[in-house]
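A short write-up of the structure that comes next.
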Amino acid sequence: MLKRLLAGCLSVCFVAVAAAQDYPARTITFVVPFAAGGPTDTVTRLIAQSMTRTLGKTVIVENVGGAGGTIGVEKVATAKPDGYTLLLMHIGISTAPSLYRNLRFDPTKDLEPIGLVTNVPMTVIGNKDFPPKDMKELVAYVKANKDNVTYANAGVGAASHLCGMLLMTAMQTDVTTVPYKGTGPAMTDLIGGQVNFMCDQTTNTTPQIKGGKVKAYAVTTKSRLKTLPDVPTVDESGLKGFEVSVWHGVWAPHGTPKPIIDRLAKALQAALKDPTVVQRFEELGTEPVPQDQATPAALGAHLKSEIAKWAPIIKKAGIYAD
Ligand code: ASP
């Protein structure tokens with residue numbers, strides 16, 4: 096019996112090692128849990144292009160939007176752990192466990208961390224014809240017109256949802272939220288005037304702010320950004336201590352062989368040094384994480400600390416989804 100078990104294990108282990116040695120033998124799919132054309136999509140496509148060059152096989156992007164990114168994450172959490180389905184997700188993976196009562200995955204158990212990617216600032220922006228001219232006016236306007244003001248986000252659990260929740264808490268008010276499958280389509284509606292304002296990553300908003308398509312009220316970082324020097328911080332505008340930015344990470348399904356995880360971590364580290372990626376990140380108001388953060392250990396530890404950080408804040412805000 097023991098012999099048979101051992102023989103079975105040996106053949107399975109042999110297959111896993113052989114698969115890891117041949118890896119990658121075919122196209123790899125990066126799941127983005129939001130719509131195409133948004134900030135997570137933009138970051139992922141840049142990384143995927145670079146990893147394609149390093150790994151010698153095409154890395155494609157599949158957009159699986161909906162439910163604040165949780166549908167896409169679940170897809171990867173339940174995918175075959177063979178290194179051919181990967182996830183690029185952001186801070187929302189650490190808020191979802193507190194926001195969703197019936198989440199069907201545990202990000203600390205069902206996924207294998209590969210590494211952190213970047214920490215992207217956010218911006219509070221509005222439609223060009225939205226009356227408030229600056230952040231101070233926005234706060235006063237939202238408070239006075241809360242029943243008529245609309246805020247776009249990418250669903251409960253998205254970064255845009257988190258920023259909105261923190262803003263509403265700081266403003267001590269509430270507005271009607273309009274959920275999209277990503278802030279790519281939300282941006283289209285914001286420019287078109289179907290919604291009034293939103294808070295989104297600079298990786299989506301910088302070109303629209305610079306092109307004069309939207310009004311920029313504030314950046315959500317402690318200091319102003321080099322790329323948007325005229326835009327004040329939320330803190331400067333009166334909501335003292337306000338700060339949020341959006342970290343991103345790469346994961347594989349739990350059980351993906353370690354040699355494959357290590358290969359992917361190396362390819363991610365190479366992407367974060369790739370001059371094309373570095374330059375495009377810079378133009379979009381962000382930068383790659385240091386190389387020692389683009390590792391499984393760093394992302395694993397970061398995810399745990401972020402889940403612990405957001406749980407009491409979300410509990411206090413009293414926001415839940417099913
Ligand atoms: N920025 C979006 C968010 O709110 C997601 C996206 O469309 O990339 O999380």
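Counting from 96, one number per residue, gives the positions in the sequence shown under our numbering. Glycine residues also receive a C-beta, built at the ideal position from the N, C-alpha and C atoms.
### Query
Buried or exposed: where does residue 415 fall if 16 or more other Cβ atoms within 10 Å of its Cβ makes it buried?
With fewer than 16 Cβ atoms within 10 Å of its Cβ, residue 415 is classed as exposed.
### Query
To the nearest angstrom, how far is it from the Cα of residue 381 to the Cα of residue 389?
Within the model, the alpha-carbon separation for residue 381 versus residue 389 is close to 15 Å.
### Query
Considering only C-alpha positions, which residue in the set 193, 197, 188 and 292 is nearest to residue 208?
Checked all of 193, 197, 188 and 292; the closest Cα to residue 208 is 188.
#### Entry: Closest by C-alpha distance to residue 273, when choosing among 222, 216, 291 and 305
Comparing Cα positions, the closest option is 291.
### Query
Over what stretch of residues does the beta strand (DSSP E) that includes residue 312 continue unbroken?
Looking at the DSSP string, the run of the beta strand (DSSP E) that includes residue 312 is 309 to 314.
### Query
Going along the chain, which residues of its own chain have a beta-carbon closer than 7 Å to the beta-carbon of residue 147, five neighbours each way excluded?
Within the same chain, residue 147 has close Cβ partners 153 and 154.
### Query
Should residue 135 be labelled buried (16 or more other beta-carbon atoms within 10 Å of its own) or exposed?
Looking at its Cβ environment, which holds 16 or more other Cβ atoms inside 10 Å, residue 135 is buried.
### Query
Is the beta carbon of residue 358 less than 8 Å from the beta carbon of residue 118?
Yes. Within cutoff.
### Message
Quick check on the burial criterion: 16 or more other C-beta atoms within 10 angstroms. Buried or exposed for residue 175?
### Response
Taking every protein chain shown into account, the CB of residue 175 has fewer than 16 other CB atoms within 10 angstroms, so this residue is exposed.
### Length-filtered (4 minimum) alpha helix (DSSP H) runs lying within the region 188 to 269
Correct list: 230 to 239 and 254 to 266.
### Query
Do residue 311 and residue 320 have their C-beta atoms within less than 8 Å of each other?
Cβ distance not < 8 Å, so residue 311 and residue 320 don't count as in contact.
### Message
Suppose you measure from the CA of residue 329 to the CA of residue 314; what does that come to, to the nearest Å?
### Response
Going by the C-alpha atoms only, they are around 6 Å apart.
### Task
Report whether the distance from the Cβ of residue 134 to the nearest heavy atom of the ligand ASP is below 7 Å.
Result yes, Cβ under 7 Å from the ligand ASP.
### Message
Can you tell me whether residue 226 is buried or exposed? The criterion is at least 16 other CB atoms within 10 Å of its CB, across all chains shown.
### Response
By the neighbour-count rule (16 or more Cβ atoms within 10 Å), residue 226 is not buried but exposed.
#### Entry: C-alpha distance - residue 370 paired with residue 241, whole-angstrom precision
If I take the Cα positions, the gap works out to 45 Å.
### Spatial distance of residue 250 from residue 215 (CA atoms)
Their backbone Cα atoms lie some 19 Å apart in a straight line.
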